[in-house]
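Numbering (my numbering), first residue to last: 4 to 684. C-beta atoms are modelled at their ideal positions from N, C-alpha and C, and glycine is treated no differently. None of these values were measured; they are calculated from a predicted model. To start, the structure under review is shown below, and the notes come after it.
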């Protein structure tokens with residue numbers, strides 16, 4: 004029996020470990036001691052041998068050589084130590100022998116089930132005798148192994164200690180823009196230098212400038228080559244009193260000068276209304292939202308029926324016909340379009356952005372995200388372009404690389420199918436939805452996807468942001484859903500702000516996996532925006548995607564947005580993706596759509612060639628309609644990410660933009676070239 008014991012000592016270490024736990028470990032032994040014992044056996048890590056000659060301490064002259072060769076070559080249930088020895092002279096307990104016997108029994112069972120006939124009758128008879136002799140130990144072995152597995156699983160679940168991982172991303176970008184980088188502000192500035200309430204000299208204006216004599220409100224507006232002077236005295240018709248109020252002086256009337264309309268040789272001038280003028284002065288038209296307000300006020304003035312009424316009472320022409328009104332609009336638009344220029348004065352810049360993310364887990368399944376960000380990446384296009392051409396590394400710009408906490412959020416599972424997301428600051432909808440359906444382009448505004456915010460994901464995910472909570476579920480392999488609520492100014496306790504009384508965006512999305520290669524997402528967003536704040540702002544107030552007209556409305560608005568996103572993998576290395584969305588914002592309708600194709604591992608594993616084209620969010624023409632030709636903006640982007648190693652990639656790319664101002668003041672176009680280097684660790 005001593006020989007048999009030495010022989011079976013070589014059987015699998017996992018089973019032997021179970022046998023030792025039965026022989027020398029009581030259920031009252033400490034958890035730490037149990038883990039140490041398991042670790043002791045693991046360190047011996049025996050390996051399966053295919054030939055008895057692999058065992059350096061076994062020779063053909065040994066009396067057990069033939070028995071070993073039979074077990075190794077016929078049944079593959081003998082293992083050796085890492086140093087290539089068998090150590091057959093070591094003694095072992097009955098429980099250890101039973102563990103080894105159990106391993107060989109399992110191997111022989113597999114051979115019989117597979118239809119093998121290698122098991123001889125003599126070997127089967129020997130096995131029956133061994134099973135009968137070690138019946139008690141084999142029965143105990145199964146129960147003890149189950150108990151051991153349960154205890155190990157318990158220790159794994161309960162001995163997790165709080166850990167924090169540091170992840171980082173650093174972006175270096177050399178970039179420049181060419182063409183119409185300031186599509187609106189040139190013309191708006193030209194206007195405000197000539198029609199204003201805050202004083203100044205008469206300036207340009209030919210005869211009108213001389214007649215104005217430096218009066219703050221007497222600077223004329225020119226249409227083409229014709230100068231429209233401003234008279235020193237207001238009209239005397241008594242019906243003016245109903246419009247500007249009784250007893251107004253000439254200066255008070257001139258303080259309401261906002262627009263001069265021409266029809267043939269007649270002049271309609273000095274139109275306003277005390278206490279509610281159409282034009283509010285230059286201060287009311289500052290910033291990107293002011294451009295929209297200016298254009299809308301001009302439109303309202305031209306189409307208001309009181310303009311015709313006043314014109315007739317001061318000896319003007321008959322009421323304007325639609326044809327005459329269109330002529331005036333054309334003159335006005337052509338006049339301003341002459342003031343726009345191609346702005347090639349944007350300089351080549353070297354910009355950076357740094358993100359350091361601390362991921363803390365308390366249970367091993369949850370995650371607390373604390374992200375620090377710093378950057379100096381100013382947008383290349385002027386704010387009058389809205390979010391057109393904005394690149395992902397422009398998000399997180401802190402001015403002069405000041406460090407801020409730009410994202411603070413917590414994730415935890417809800418059962419086996421759900422997840423909870425809570426954002427204290429910097430939350431966006433793509434943080435929690437199951438999928439944005441834009442593979443290889445989407446990198447959550449990081450440095451390894453598309454260059455621009457538009458090509459990264461559907462603009463519907465950019466509506467609102469900030470603080471809030473969300474739930475996501477995967478009901479099965481083919482159906483999922485997400486629900487989320489984010490408030491822009493949740494930390495502000497003042498009236499019109501806070502978690503539930505200010506700007507917000509509530510999202511619902513259904514996800515469908517239609518086979519292994521096709522995915523579809525249907526998204527709805529209900530949002531609330533105050534006047535002067537952008538719709539597609541990711542919670543920051545200014546546009547991060549889309550045109551100026553596709554973002555701003557004059558007044559507070561509740562918007563309803565609908566979107567569909569689709570991703571289709573043509574192969575393991577070619578992916579198609581696209582989206583379409585529509586927003587109803589009171590009287591303004593906003594549209595956006597786009598699609599891309601990505602070639603993964605092109606030239607090298609990790610490389611990506613991406614091409615994307617589409618229309619960033621734009622309005623239907625109601626807003627600012629006086630000067631717009633209702634042209635659809637166009638964004639075309641191409642990039643090639645070259646993966647140098649696991650931590651460094653270089654991405655050259657180009658973006659072409661057309662009609663960033665939707666045809667206001669004429670057609671415009673711009674090019675952006677970028678060389679982006681991304682370091683991740």
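A Cβ-Cβ contact shorter than 8 Å links residue 373 with residue 411. Rounded to the nearest whole angstrom, the CA to CA distance from residue 132 to residue 106 is 16 Å. Taking residue 546 as the centre and dropping the five residues before and after it, the same chain places the C-beta of 389, 390, 537, 539, 540, 554 closer than 7 Å to its C-beta, in chain order. Partner residues in a beta bridge of residue 379, as assigned by DSSP, do not exist. Judged by their CB atoms, residue 684 and residue 648 are not nearer to each other than the 8 Å cut-off.
Counting every other CB atom within 10 Å of its CB across the protein chains shown gives residue 368 a total below 16, marking it as exposed. The segment 132-143 makes no contact with the segment 173-182, as fewer than three CB pairs between them are under 8 Å. Put simply, the backbone Cα of residue 623 is about 8 Å away from that of residue 594. In the displayed model, residue 100 falls within a helix according to three-state DSSP.
Within the segment 493-553, the runs of beta strand (DSSP E) at least 3 residues long that lie entirely inside it are, in chain order, 507-516, 521-532. In this structure, residue 438 lies away from residue 519, with their beta-carbon atoms at least 8 Å apart. In this structure the segment 451-461 does not lie against the segment 499-511, because fewer than three pairs of beta carbons, one per stretch, are closer than 8 Å.
For residue 468 against residue 430, the beta-carbon gap comes to about 6 Å, under 8 Å, which counts as contact. In the same chain as residue 88, and ignoring 5 residues on each side of it, the C-beta atoms closer than 7 Å to its own belong to 58, 59, 60, in chain order. Comparing C-alpha distances from residue 573 to each of 599, 63, 393, 466 shows the shortest one belongs to 599.
With 16 or more other CB atoms across the displayed protein chains lying within 10 angstroms of its CB, residue 560 is buried.
Burial check for residue 116: the Cβ neighbour count within 10 Å stays below 16, so the residue is exposed. Residue range 124-136 is occupied by the alpha helix (DSSP H) that includes residue 135. Between residue 422 and residue 475, the C-beta gap is smaller than 8 Å, which places the two residues in contact.
The criterion of a C-beta distance shorter than 8 Å is satisfied by residue 582 and residue 566. Partner residues in the beta bridge of residue 577, as assigned by DSSP, are 602.
Among the bridge pairs identified by DSSP, residue 357 is matched with 173, 377. When C-alpha distances from residue 440 are compared across 516, 170, 611, the shortest belongs to 516. Judged by DSSP in its simplified three-state form, residue 56 adopts helix. Sequence-distant partners of residue 170 (beyond 5 residues in either direction) whose C-beta falls short of 6 Å from its own C-beta, in its chain, are 360. Between residue 656 and residue 666 a beta carbon distance of about 26 Å is seen, past the 8 Å cut, so the two are scored as non-contacting.
Spatial neighbours of residue 470 in its own chain (CB-CB distance under 8 Å, excluding positions within 5 residues in sequence) are listed in chain order as 426, 427, 428, 430, 489, 490, 493, 494, 502. Within a 10 Å sphere around the beta-carbon of residue 406 sit fewer than 16 other beta-carbons, which makes this residue exposed. Distance from the CA atom of residue 481 to the CA atom of residue 487, rounded to whole angstroms, is 21 Å.
Annotation for residue 392: 180, 382, 383, 384, 455, 638, 658, 660, 663, 673, 675 place their beta carbon closer than 8 Å to its own, counting only its chain and skipping 5 residues before and after.
When beta bridges are read from the DSSP output, residue 477 appears opposite 483. For residue 682, the enclosing beta strand (DSSP E) begins and ends at 672-683. Here residue 549 is not near residue 496, since their CB atoms are 8 Å or more apart.
Around the beta carbon of residue 671, a 10 Å sphere encloses 16 or more other beta carbons of the protein chains shown; the residue is thus reported as buried. A direct Cα-to-Cα measurement between residue 109 and residue 436 gives close to 47 Å.
By the neighbour-count criterion, in which 16 or more other beta carbons inside 10 Å mark a residue as buried, residue 75 falls on the buried side.
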